[in-house]
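Enquirer: Here it is, the structure, as structure tokens.
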Amino acid sequence: LAIETSGKFGSVAIASRNTDSLASIVSVDLPRVSGSAQSLAQCILQVTKNCSLTLDSLGCIALVNGPGSFTGLRVGIATAKSLAYGLGVPVIGLDTLEVIHLQAEAVTSINQHSHTIRHVHAMLDAYR
807 LAIETSGKFG SVAIASRNTD SLASIVSVDL PRVSGSAQSL AQCILQVTKN CSLTLDSLGC
867 IALVNGPGSF TGLRVGIATA KSLAYGLGVP VIGLDTLEVI HLQAEAVTSI NQHSHTIRHV
927 HAMLDAYR
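When you line the sequence shown up against my numbering, it's residues 807 to 934, in that order.
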């Protein structure tokens, strides 16, 4: 299970490997009309249902842990730690800017034939 609540809008996703070591990812965006505190638990249940899984089948919880929105991070971390404690699974913290950087590198390697990017600088709006 992956939880992202560091920005204005969040999401949850489940990545699973099949026997061929190929990963499949199913994600659900948190509703933009309500805060993560109101919708995160429901979206976690929805994404597990979409994958025909139960919470106790999770192997770990990945969490974007900042920088980002203080309230969003607090809700995501509290939810992840509570689930992890109850399920007996580890929590893996991921830096928001590093995730953005790795995603940009992955997109670049896919589109490598069209252009080359030498440097990636990840930045976030501090809302000030």
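Heads up, the beta-carbon is just placed ideally off N, CA and C, and yes, glycines get one too. Just so it is clear, the structure is predicted and the values come from calculations on it, not from any experiment.
Give the straight-line distance between the Cα atoms of residue 974 and residue 870, rounded to the nearest whole angstrom.
Expert: A query on residue 974 cannot be resolved here, the shown segment of the chain reaching from 807 to 934 and no further.
Enquirer: On the criterion of 16 or more Cβ atoms from any shown chain inside 10 Å, does residue 877 qualify as buried, or is it exposed?
Expert: By the 10 Å Cβ count, residue 877 comes out exposed.
Enquirer: Roughly how many angstroms separate the alpha carbons of residue 850 and residue 819, rounded to a whole number?
Expert: 8 Å
Enquirer: Please list, in chain order, all residues of the same chain as residue 900 whose beta carbon is under 8 Å from its beta carbon, the five residues on each side excluded.
Expert: 868, 869, 870, 871
Enquirer: Quick check on residue 912: buried or exposed, where buried means 16 or more other Cβ atoms within 10 Å of its Cβ?
Expert: Exposed, by the Cβ-count rule.
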